[in-house]
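Asker: What follows is a single structure, and I will ask about it in a moment.
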Amino acid sequence: MASLRIPVPSASFLSPPPPRSPHLVHHCRPSSSSSRARTPLMAMASSSPPQLQELKQGIADFYDQSSGLWEQIWGDHMHHGFYDSDADDVSLSLTNHRSAQIRMIEESLRFASLLHPDSKIPKRIVDVGCGIGGSSRYLAQKFGAQCCGITLSPIQAQRANALAASQGLSDQVSFQVADALQQPFPDDEFDLVWSMESGEHMPDKPKFVKELVRVAAPGATIIIVTWCHRDLNPSEDSLKPWENELLQKICKAYFLPAWCSAADYVGLLHSLSLQDIKVADWSPNVAPFWPAVLRTALTWKGLTSLLFSGIKTIKGALAMPLMIEGYKKGVIKFTIITCRKPEQAPDV
Ligand code: SAH
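Read in UniProt numbering, the sequence shown has 220 at position 220, and its numbers run on one by one without any break.
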């Protein structure tokens, strides 16, 4: 791919929604296209439709190819673990890491005040960028909720539905191929909008955030856990060249467009009049994760499986040390951002 640092496109450049999956079940109501938000909040730059299509296809292929191997070793959560900031990573077992991935979900809910005894239990949840549905199934069971997951990868959607069926959850959770930037849901639908490590793939962050807000019901909680670059200092108008070069290499390996900072997300949420906006840098709490992923890739099982999992997966594995370097040098920030949609939504 020539350049994956795709700047934010204008909404009119967005490609049409992908075909609807046959796995859609009754509790995911489709939207009428007229209700979709179509105007970006700000256009940082422009990008061509072929570039966007190439990015989406790259993401779909990457996850189609790599999800089986990931699941085989790491299970059904395709996100970082959350650890005590003084955790000694070398002594942690794979079981510890898997527990840390569950802890990531719990800590995210706690940060958003959803574990508070007075908080309203979410009953309708959307999982935006759902992977093979680990978060959806966990949240549906925890809250007794209905959950709809969307992903660009047909293999992931299929696997997520199969896992739901095998766990007797088909009447509660469902998964389909759909674009987070044009979600196939009506306005004001969900009381928890969940995006766990998918925001970094979105080429148009204003449009992404606006879609999350659109499908959120009045009073709903929105949780975005995502990779950001560090906030810029007041004297800076961009990252340093070496920082951009590092991120460029990561973008190529993981099919990411341009990165933004936590401050950029907060600015977007403020511009949409969201309430209770909270942000935190959890980079110290995820530090053991990538070294652990790298270690599992370097085992005999990891290496042999990698060989058979396609060039995109191999390139992804080769980029793991870059993620470790990005965190160590403070360029990459593992960020949680939460907020609430006002009960009385202002016109946006
Ligand atoms: N949230 C999951 C998976 C994270 S991996 C988990 O925690 O296990 C990133 C996911 O984002 C993948 O499922 C990928 O298909 C999805 N994704 C990336 N861009 C997307 C887009 N534009 N629309 C929908 N899903 C997207």
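Idealized CB from N, CA, C, for every residue including glycine.
Pick from Ala216, Gly131, Ala280: whose alpha carbon is nearest that of Trp74?
Answerer: Counted from its first residue, the sequence shown places residue 74 at position 74. The shortest C-alpha separation from Trp74 is found at Gly131.
Asker: So what does DSSP say about Cys251, is it helix, strand or coil?
Answerer: To locate residue 251, count along the sequence shown from 1; it is residue 251. Residue state, collapsed to three classes: helix.
Asker: Around the C-beta of His77, are 16 or more other C-beta atoms found within 10 angstroms, so that it is buried, or is it exposed?
Answerer: For the purposes of this step, residue 77 is taken as the residue at position 77 of the sequence shown. With 16 or more Cβ atoms within 10 Å of its Cβ, His77 is classed as buried.
Asker: Among the residues of its own chain, which have a CB less than 6 Å from the CB of Val286, if the five just before and after it don't count?
Answerer: Counting from 1 along the sequence shown, the entry for residue 286 is found at position 286. Taken in chain order, the residues that qualify are His80, Phe334.
Asker: Closest to Asp61 by C-alpha separation, out of Ser261, Asp84, Ala157, Phe175, would be which residue?
Answerer: One-based indexing of the sequence shown puts residue 61 at position 61. Nearest C-alpha to Asp61: Ala157.
Asker: Cutting at 7 Å between CB atoms, please list the residues of its own chain near Leu246, excluding the five before and the five after it.
Answerer: As a working note, residue 246 is residue 246 in the sequence shown. Only Leu322, Glu325, Gly326, Val331 meet the Cβ criterion.
Asker: For the alpha helix (DSSP H) containing Ala262, list its first residue and its last residue.
Answerer: Counting from 1 along the sequence shown, the entry for residue 262 is found at position 262. Note, Ala262: alpha helix (DSSP H), 262-271.
Asker: Is Pro154 helix, strand or coil by DSSP?
Answerer: For this step, residue 154 is matched to residue 154 along the sequence shown. Note: Pro154 maps to helix in three-state DSSP.
Asker: Just to confirm the assignment: which complete beta strand (DSSP E) runs, minimum length 3, are found wholly within the UniProt domain "Methyltransferase type 11" (126-224)?
Answerer: The UniProt domain "Methyltransferase type 11" (126-224) contains these whole beta strand (DSSP E) runs: 146-151, 173-177, 190-196.
Asker: The ligand SAH and Leu169: does any heavy atom of the ligand fall closer than 7 Å to the residue's C-beta?
Answerer: Numbered from 1 along the sequence shown, position 169 holds the residue referred to as residue 169. The answer is no for Leu169.
Asker: According to the neighbour-count rule (16 or more other Cβ atoms, all chains shown, within 10 Å of its Cβ), is Arg230 buried or exposed?
Answerer: Numbered from its first residue, the sequence shown carries residue 230 at position 230. Buried is the call here.
Asker: If the criterion is Cβ atoms closer than 8 Å, does the pair Ser136 and Asp127 meet it?
Answerer: Translated into positions along the sequence shown, residue 136 becomes position 136. Translated into positions along the sequence shown, residue 127 becomes position 127. Taking 8 Å as the Cβ cut-off, Ser136 and Asp127 qualify as a contacting pair.
Asker: Would you tell me roughly how many angstroms separate the C-alpha atoms of Val90 and Thr299, rounded to the nearest one?
Answerer: Stepping through the sequence shown from its first residue, residue 90 is reached at position 90. Stepping through the sequence shown from its first residue, residue 299 is reached at position 299. Taking the straight line from one Cα to the other gives about 15 Å.
Asker: The alpha helix (DSSP H) with residue 351 in it runs from where to where?
Answerer: For residue 351 there is no data in the structure shown, the boundaries of the chain being 1 and 348.
Asker: To the nearest angstrom, how far is it from the Cα of Ala160 to the Cα of Gln146?
Answerer: As a working mapping, residue 160 is identified with position 160 in the sequence shown. As a working mapping, residue 146 is identified with position 146 in the sequence shown. Straight-line Cα distance between these residues: approximately 15 Å.
Asker: State the Cα-Cα distance for the pair Ile155 and Tyr254, rounded to the nearest angstrom.
Answerer: For the purposes of this step, residue 155 is identified with residue 155 of the sequence shown, where counting begins at 1. For the purposes of this step, residue 254 is identified with residue 254 of the sequence shown, where counting begins at 1. If I take the Cα positions, the gap works out to 17 Å.
Asker: Give the range of the beta strand (DSSP E) segment to which Gln275 is assigned.
Answerer: Here the question's residue 275 lines up with position 275 in the sequence shown. Counting along the chain, the beta strand (DSSP E) containing Gln275 begins and ends at 275-281.
Asker: Cβ of Gln275 versus every heavy atom of the ligand SAH: is any distance shorter than 7 Å?
Answerer: Here the question's residue 275 lines up with position 275 in the sequence shown. No; taking the cut-off as 7 Å, the Cβ of Gln275 has no heavy atom of the ligand SAH nearer than that.
Asker: Let me know the secondary structure DSSP gives Ile336 once reduced to three states.
Answerer: Working through the sequence shown from its first residue, we reach residue 336 at position 336. Strand, per DSSP.
Asker: Tell me whether Gly144 is buried or exposed, calling it buried when 16 or more other Cβ atoms sit within 10 Å of its Cβ.
Answerer: Mapped onto the sequence shown, residue 144 falls at position 144. Per the 10 Å Cβ criterion, exposed.
Asker: Taking only the alpha-carbon atoms, compute the straight-line gap between Ala317 and Gly129 and give it to the nearest angstrom.
Answerer: Indexing the sequence shown from 1 puts residue 317 at position 317. Indexing the sequence shown from 1 puts residue 129 at position 129. Cα to Cα, the separation comes out at about 21 Å.
Asker: Helix, strand or coil: which one does DSSP assign to Arg98?
Answerer: Translated into the one-based positions of the sequence shown, residue 98 becomes position 98. Here Arg98 sits in helix by DSSP.
Asker: Label Glu211 either buried or exposed according to how many other C-beta atoms from any shown protein chain fall within 10 Å of its C-beta, with 16 as the threshold for buried.
Answerer: Mapped onto the sequence shown, residue 211 falls at position 211. Buried, because 16 or more other Cβ atoms sit within 10 Å of the Cβ of Glu211.
Asker: Measuring alpha carbon to alpha carbon, tell me which residue in Ile150, Val173, Thr151, Pro117 is nearest Tyr138.
Answerer: Residue mapping note: residue 138 aligns to position 138 of the sequence shown, counting from 1. If we check each option's Cα against that of Tyr138, Val173 comes out closest.
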